[in-house]
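*Asks:* Be aware that the sequence shown starts at 1, since it is given in the UniProt record's numbering, and climbs by one per residue.
Built from N, CA and C at the ideal position, the CB exists for glycine as well.
These numbers come from a predicted model, not from an experiment.
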Amino acid sequence: MDPNDASLTCAVNLEWNDAHGTTTRKFAHKEATLRLIRNALKEMFLEVSAPKTSTMQLKLRGVQVHSKFMAEGKASIKFNDEKCTLFLSNAPPGLLVQFLKVIFVKLTNGNGAGGQPKSKDELLKQSRAQMLAGKSMNQYDDVSPVTTTELNRARKLATGKGSLTTPSPSQKRKRLSDGAAGDRPRPKKLLSENVDEAGSGDAIQLNEEQKRILSASQSGQSLFFTGSAGTGKSFLLRKIIAALPPDGTIATASTGVAACLIGGTTLHSFAGIGTGDATLQNCYEKASRPNTAQAWRKCKRLIIDEISMIEADFFEKIEAVARYVRKNDKPFGGIQLILCGDFFQLPPVGRLPDRSRPGQYSQDAQQDDESGRVRFCFESKAWRECIQASYELTIVHRQRDQEFISILNSIRIGRVTDEISERLRKTASQRIETEGILATQLCSHTSEVDAINQAKLEALRTEAKLFEAKDSDPYSVKQLDMMLQAPAKLTLKIGAQVMLLKNYNISEGLVNGARGVIVNFVQGLPLVKFKRRELLVRHEKWSVKTGSGMVLTRIQLPLKLAWAFSIHKSQGLTLDCVELSLSKVFEAGQAYVALSRAQSLDSIRVLDFDLRQVWANTKVLEYYRYLRKMIANGNHMEPVAVKRKLKKSLSAMGLPKSIMDKPLMTIK
Numbered sequence: 001m002d003p004n005d006a007s008l009t010c011a012v013n014l015e016w017n018d019a020h021g022t023t024t025r026k027f028a029h030k031e032a033t034l035r036l037i038r039n040a041l042k043e044m045f046l047e048v049s050a051p052k053t054s055t056m057q058l059k060l061r062g063v064q065v066h067s068k069f070m071a072e073g074k075a076s077i078k079f080n081d082e083k084c085t086l087f088l089s090n091a092p093p094g095l096l097v098q099f100l101k102v103i104f105v106k107l108t109n110g111n112g113a114g115g116q117p118k119s120k121d122e123l124l125k126q127s128r129a130q131m132l133a134g135k136s137m138n139q140y141d142d143v144s145p146v147t148t149t150e151l152n153r154a155r156k157l158a159t160g161k162g163s164l165t166t167p168s169p170s171q172k173r174k175r176l177s178d179g180a181a182g183d184r185p186r187p188k189k190l191l192s193e194n195v196d197e198a199g200s201g202d203a204i205q206l207n208e209e210q211k212r213i214l215s216a217s218q219s220g221q222s223l224f225f226t227g228s229a230g231t232g233k234s235f236l237l238r239k240i241i242a243a244l245p246p247d248g249t250i251a252t253a254s255t256g257v258a259a260c261l262i263g264g265t266t267l268h269s270f271a272g273i274g275t276g277d278a279t280l281q282n283c284y285e286k287a288s289r290p291n292t293a294q295a296w297r298k299c300k301r302l303i304i305d306e307i308s309m310i311e312a313d314f315f316e317k318i319e320a321v322a323r324y325v326r327k328n329d330k331p332f333g334g335i336q337l338i339l340c341g342d343f344f345q346l347p348p349v350g351r352l353p354d355r356s357r358p359g360q361y362s363q364d365a366q367q368d369d370e371s372g373r374v375r376f377c378f379e380s381k382a383w384r385e386c387i388q389a390s391y392e393l394t395i396v397h398r399q400r401d402q403e404f405i406s407i408l409n410s411i412r413i414g415r416v417t418d419e420i421s422e423r424l425r426k427t428a429s430q431r432i433e434t435e436g437i438l439a440t441q442l443c444s445h446t447s448e449v450d451a452i453n454q455a456k457l458e459a460l461r462t463e464a465k466l467f468e469a470k471d472s473d474p475y476s477v478k479q480l481d482m483m484l485q486a487p488a489k490l491t492l493k494i495g496a497q498v499m500l501l502k503n504y505n506i507s508e509g510l511v512n513g514a515r516g517v518i519v520n521f522v523q524g525l526p527l528v529k530f531k532r533r534e535l536l537v538r539h540e541k542w543s544v545k546t547g548s549g550m551v552l553t554r555i556q557l558p559l560k561l562a563w564a565f566s567i568h569k570s571q572g573l574t575l576d577c578v579e580l581s582l583s584k585v586f587e588a589g590q591a592y593v594a595l596s597r598a599q600s601l602d603s604i605r606v607l608d609f610d611l612r613q614v615w616a617n618t619k620v621l622e623y624y625r626y627l628r629k630m631i632a633n634g635n636h637m638e639p640v641a642v643k644r645k646l647k648k649s650l651s652a653m654g655l656p657k658s659i660m661d662k663p664l665m666t667i668k
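Spelled out as structure tokens, the structure:
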């Protein structure tokens, strides 16, 4: 996304009103192009053009911009002089923020010297000069790129440090209590250092690898992109979502926590077939219910994060469901797929014991299937038919320690040398606690996490305070618990170690995953001492979408007990101080996920490192060798051409008979 791009394509609705507010004229188009232009007098105009219609120029003078719903791709611009209002919808959220930002910057800098509005005499003199020079007033040019000077001036105005007119008299303001102003998550604003910051909070620019994937996703290709832990997969996915039109774009993930991080819903909730245990015919019937069927038919782009945790049989079932419900025999019913994940990390949830562990792996794939091995998505026929291009991110952002990055890359593929074993064993004696904050223990089982946190909390000889969440739907507590880190009930004490679940102040390290200790309660709210400063933590609001499109909300403190954390729920987090016990690791990739949560070797303590607890799935190793070979040759994963006739019979759907006859594994 070019921060200087002064154009936008979206749906528009333009209404002219008379003095009484009655609409006298309307113009609407589903796909119009807006362009920021200037005339010979340097006056700003917004050009609106659409196929088979006349181009309009609206003078950007005396305008009001309403941008409350930018995150949904909606905004409105009221032209007071033109007596009309332009309603924008279905705009890619990131591009909409960018476009409105350019308008704001240019308007605050483009009037006259020092940004002051030009007088009538100045306009007349400039008009005469342009006429003598032979320039037409109807000739328009694109606006020039935003300069640093323009950006700085606009920023001062946005923060109240500058004014287009004479400053107003100073006013006395109430002093805000600690944590009430600068500590709270900043409201979305139009002006920011990076255009996407206003929309997503991400101020980091895309690298060349990420730009290629973003471009491919905008081209309509069905693609898969992968990368090791810390390469910015989820960050890029949020950028992709912001660059696509909201209508028809469905963001999902295999787990509720991952779905919440990208502002989406779970794949199982969207698909409408539950866990996929039922027969294919029963899945058709479930997906044909009005709300679910409507969601499938409206879907043009399906985004799935953490695809590695979706098993092949479920993926094949929803592919068949998509074709059936949409009455479209193209792969996935003609829907563009954007898949993201790392198959070297956690495998599908609900798997049987991993049979690809050294000593247990069978070379006979068919024998593995019959013995109950749950297949990865990339092993499915649907994957081969649907995915047109694959990419791998290689630049690690989470860690800066090159020695640690090298160790993680080796462990990711299950290779542990004597040097790596020795280096990790040495960390067992490291003192990594700082500012009284203990290292968070990452555990392989949730029951172990709960036991540790409860025992630590009960050991504190201080008063307990219970904080209960306020949910929009009391009957959806379990669903919200699955999708959010914020618990329905949270018991806290002075001395409790907690983790922050929201970004407050990135520059001060108050981000999602930051850990601290409660030092007091002020007006019933916890005062938490973090690494750099104290923060009075207030209630925050979370919103999640269900598969039917309904929005559920939860209001709760953005905190969670953090003496211990599960490896599964740590996926995607960066922790500043980690203690590991790998003796109970039971899945391929689990040790890698746990180790890669740390930022460096100096911030990690491995208590009982055993190289036998580190292994990679053989099927995954084979797939990545093939994947990298294809990428290196420039031949991305071309889809297999399959001709089908859409019939209601199960055999006509192109699926193995074994899938149709027996239920699938339960995915919790």
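(1) How would you label T22, buried or exposed, when you count the other beta carbons within 10 angstroms and need 16 or more for buried?
(2) For a test of the three-state rule: what should DSSP assign to C260, helix, strand or coil?
(3) Between L267 and I310, which are expected to be in contact by the criterion C-beta below 8 angstroms, what is the C-beta distance as a whole number of angstroms?
(4) How do the segment 583 to 594 and the segment 399 to 416 stand: do at least 3 beta-carbon pairs fall below 8 angstroms, yes or no?
(5) Which of the three DSSP states, helix, strand or coil, is assigned to A278?
(6) So, helix, strand or coil for A488, using DSSP?
(7) Out of curiosity, what's the CA-to-CA distance linking A514 and T574?
(8) Which class does N17 belong to by DSSP, given the choice of helix, strand or coil?
(9) Below 6 angstroms CB to CB, which residues in the same chain sit around V585 once its five sequence neighbours on both sides are set aside?
(10) By DSSP's criteria, G227 is part of a beta bridge. Which residues make up the other side?
(11) Rounded to whole angstroms, what's the CA-CA distance from T24 to T85? Just pull it up for me.
(12) Please state whether the Cβ-Cβ distance between I303 and I338 is less than 8 angstroms.
(13) Can you give me the C-alpha to C-alpha distance between I387 and Y623, rounded to a whole angstrom?
(14) Distance check for I262 and K233, CA to CA, integer angstroms please.
(15) Output the distance between the C-alpha atoms of M482 and F314, rounded to the nearest integer angstrom.
(16) Which class does G268 belong to by DSSP, given the choice of helix, strand or coil?
(17) Please classify M482: does DSSP put it in a helix, a strand, or coil?
(18) Smallest Cα separation from S7: which of H29, A28, I37?
(19) Hey, I213 and Y391 are a contact pair by Cβ (cut 8 angstroms); roughly how many whole angstroms apart?
(20) Name the two residues that bound the continuous beta strand (DSSP E) containing residue 673.
(21) Compute the beta-carbon to beta-carbon distance between G516 and K502, rounded to the nearest angstrom, for a pair I have assumed lies under 8 angstroms.
(22) Is the separation between the beta-carbon of R533 and that of E508 shorter than 8 angstroms?
(23) At 4 residues or longer, what runs of the alpha helix (DSSP H) sit wholly inside the UniProt domain "PIF1/LRR1 pleckstrin homology" (7 to 111)?
(24) How far does the beta strand (DSSP E) with I335 in it extend, from its first residue to its last?
(25) For D305, list the residues DSSP reports as bridge partners.
(26) Can T491 and A464 be called in contact, C-beta distance under 8 angstroms?
(27) Let me know if P245 comes out buried or exposed under the rule of 16 or more other beta-carbons within 10 Å of its beta-carbon.
(28) Compare the C-alpha of G524 against each of L424, V544, K493 and name the closest.
(29) Quick check: what's the CA-CA separation for Q599 versus I555?
(30) Have a look at A293, N39, Q485, D450 and flag the residue whose alpha-carbon is nearest the alpha-carbon of W542.
(31) Whose CA, out of Y324, F69, I437, N13, lies closest to the CA of D576?
(32) Going by C-alpha to C-alpha distance, which of V97, T446, V477, R297 sits closest to F565?
(33) Note down the Cα distance separating G495 from K478, rounded to an integer number of angstroms.
(34) Once DSSP output is grouped into helix, strand and coil, what is the label at D576?
(35) Are the CB atoms of G264 and A243 nearer to each other than 8 angstroms?
(36) Between the Cα of M44 and the Cα atoms of K52, N90, F104, P51, which residue gives the shortest distance?
*Replies:* Taking the definition as stated:
(1) So T22 ends up on the exposed side.
(2) Here C260 sits in helix by DSSP.
(3) Contact flag correct, Cβ pair sits at about 6 angstroms.
(4) Taking a cut-off of 8 angstroms on C-beta distances, the segment 583 to 594 touches the segment 399 to 416, as three or more cross pairs fall below it.
(5) In the three-state scheme derived from DSSP, where H, G and I count as helix and E and B as strand, A278 is classed as coil.
(6) Residue state, collapsed to three classes: coil.
(7) Whole-angstrom Cα-Cα distance: 8 angstroms.
(8) Looking at N17 - three-state DSSP - the assignment turns out to be strand.
(9) Answer for V585: S444, A591, Q613, listed in chain order.
(10) Under DSSP, G227 takes part in a beta bridge, and its partners are L393.
(11) C-alpha separation (whole angstroms): 12 angstroms.
(12) Judged by their CB atoms, I303 and I338 are nearer to each other than the 8 angstroms cut-off.
(13) If I take the Cα positions, the gap works out to 14 angstroms.
(14) For K233 and I262, the distance between alpha carbons rounds to 11 angstroms.
(15) Taking the straight line from one Cα to the other gives about 19 angstroms.
(16) The question names Gly, but residue 268 is His in the sequence shown. In this structure, DSSP gives H268 a helical state, which the three-state scheme calls helix.
(17) Reduced to three states, the DSSP call for M482 is helix.
(18) Answer by Cα proximity: I37.
(19) About 5 angstroms; that satisfies the 8 angstroms criterion.
(20) An answer regarding residue 673 cannot be provided, because it is not within the stretch 1 to 668 covered by the chain.
(21) Separation of the CB atoms of G516 and K502 is rounded to 13 angstroms, and the pair is thereby denied contact status at 8 angstroms.
(22) In this structure, E508 lies closer than 8 angstroms to R533 by Cβ.
(23) As summarised for the UniProt domain "PIF1/LRR1 pleckstrin homology" (7 to 111), the continuous alpha helix (DSSP H) elements at least 4 residues long and confined to that stretch are 93 to 109, given in chain order.
(24) Per DSSP, I335 belongs to no beta strand (DSSP E) and is neither H nor E.
(25) For D305, which the question treats as bridged, DSSP gives the partners A253.
(26) Going by C-beta atoms, T491 is nearer than 8 angstroms to A464.
(27) The residue in question, P245, is buried, as its Cβ has 16 or more Cβ neighbours within 10 Å.
(28) The shortest C-alpha to C-alpha distance from G524 to any of L424, V544, K493 is the one to K493.
(29) Q599 and I555 have their alpha carbons spaced roughly 31 angstroms apart.
(30) Per the Cα distances, Q485.
(31) Nearest of Y324, F69, I437, N13 to D576, Cα basis: I437.
(32) If we check each option's Cα against that of F565, T446 comes out closest.
(33) Going from the Cα of G495 to the Cα of K478 covers about 29 angstroms.
(34) D576: coil per DSSP, three-state reduction.
(35) Going by C-beta atoms, G264 is not nearer than 8 angstroms to A243.
(36) It is F104.
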